[in-house]
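Below: the structure, in structure tokens.
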Amino acid sequence: MRMGFDIDNVIYPFVPVMQLCEESRQGRKLPPAVRWDFYKDWGLRGAEFAELMRQYHDQGTVFTLGSPIADCVRVLAALMDEVEVVLCTSRPEWALNATEDWIMKWDIPHHDLVFADDKTLHGLDALLDDAPHHIEEASVAGATTYVYDQPWNWHVAADYRILRWADLLAVV
369 MRMGFDIDNV
379 IYPFVPVMQL
389 CEESRQGRKL
399 PPAVRWDFYK
409 DWGLRGAEFA
419 ELMRQYHDQG
429 TVFTLGSPIA
439 DCVRVLAALM
449 DEVEVVLCTS
459 RPEWALNATE
469 DWIMKWDIPH
479 HDLVFADDKT
489 LHGLDALLDD
499 APHHIEEASV
509 AGATTYVYDQ
519 PWNWHVAADY
529 RILRWADLLA
539 VV
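End of the sequence shown = 540 in our numbering, gap-free, step of one.
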């Protein structure tokens, strides 16, 4: 089985790292992320958020500061013999080197790394993701869906809801 694993907010704590960077820039505590477009609650527009993300990337922070989400490395290692582990991210192409460096630094087990806005185009039999649109697209494409529980995806139907990484071992 070829299984995709999203990186941001599933393996890498993107929102907490981005919030740390943005709180430092704005000089204030920001509200927690509770929706997919959380940056709007921080007073940002989409284009402004994208530009800040690029600036933080260029400063070496946004895709490198965080450590892996608890237990993901152990669980991915345990799955390596049973599934083809595909790290599948919709990060921009300019984040490729930072992403590869972070994966190597933390020795994240995987067979393949894919950058794609449409994750259904990569022959995945299953997908673990936090993004509502990726889960819905994978479901329509016939993949088994695992939603990594986040406040912004509580409304999303999936084959499985994963509250913590250890839960995945019981259902894969």
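Glycine included, every Cβ here is placed at the ideal spot set by N, Cα and C.
Beta-carbon proximity list for residue i, same chain, < 8 Å, skipping 5 on both sides
| i | result |
| --- | --- |
| Asp486 | Glu505 |
| Glu461 | Phe483 |
| Glu450 | Met369, Val540 |
Cβ pair residue i, residue j closer than 8 Å
| i | j | result |
| --- | --- | --- |
| Gly395 | His490 | no |
| Gly428 | Tyr380 | no |
| Cys456 | Asp374 | yes |
| Val383 | Ala401 | yes |
| Leu537 | Ala446 | yes |
| Arg459 | Asp535 | no |
| Arg403 | Trp522 | no |
| Thr488 | Ala463 | no |
Neighbourhood of residue i by C-beta distance below 6 Å, restricted to the same chain and skipping five residues each side
| i | result |
| --- | --- |
| Tyr424 | Cys389, Val430 |
| Trp533 | Asp439, Cys440, Val443 |
| Ile348 | Here the chain comprises residues numbered 369 to 540, so residue 348 is not present and cannot be evaluated. |
| Thr432 | Ala466, Trp470 |
| Leu553 | With the chain running from 369 to 540 in the structure shown, residue 553 is simply not present. |
| Tyr528 | Tyr514, Val539 |
| Gln387 | Leu398 |
| Ser507 | Thr513 |
| Leu481 | Leu455 |
Identity of the residues DSSP links to residue i by a beta bridge
| i | result |
| --- | --- |
| Tyr407 | Bridge partners of Tyr407: none, in fact. |
| Leu495 | Gly372, Thr513 |
| Leu489 | Leu489 is not bridged to any residue. |
| Thr457 | Phe483 |
| Tyr424 | DSSP output for Tyr424 lists no bridge partner at all. |
| Arg529 | Val515 |
| Glu452 | Arg370 |
Cβ separation of residue i and residue j, assumed to be a contact under 8 Å, to the nearest whole Å
| i | j | result |
| --- | --- | --- |
| Thr512 | Asp498 | Going by Cβ atoms, the distance from Thr512 to Asp498 rounds to 16 Å, so no, they are not a contact pair. |
| Pro436 | Trp474 | 5 Å |
Contact with chain D by residue i, beta-carbon distance below 8 Å
| i | result |
| --- | --- |
| Gln423 | Of the chains in the structure shown, none is chain D; there is only one protein chain. |
Sequence-distant residues of the same chain with beta carbon closer than 7 Å to residue i, five excluded per side
| i | result |
| --- | --- |
| His479 | Glu452, Val453, Val454 |
| Glu391 | Lys397, Leu398 |
| Tyr407 | Phe417 |
| Arg413 | none |
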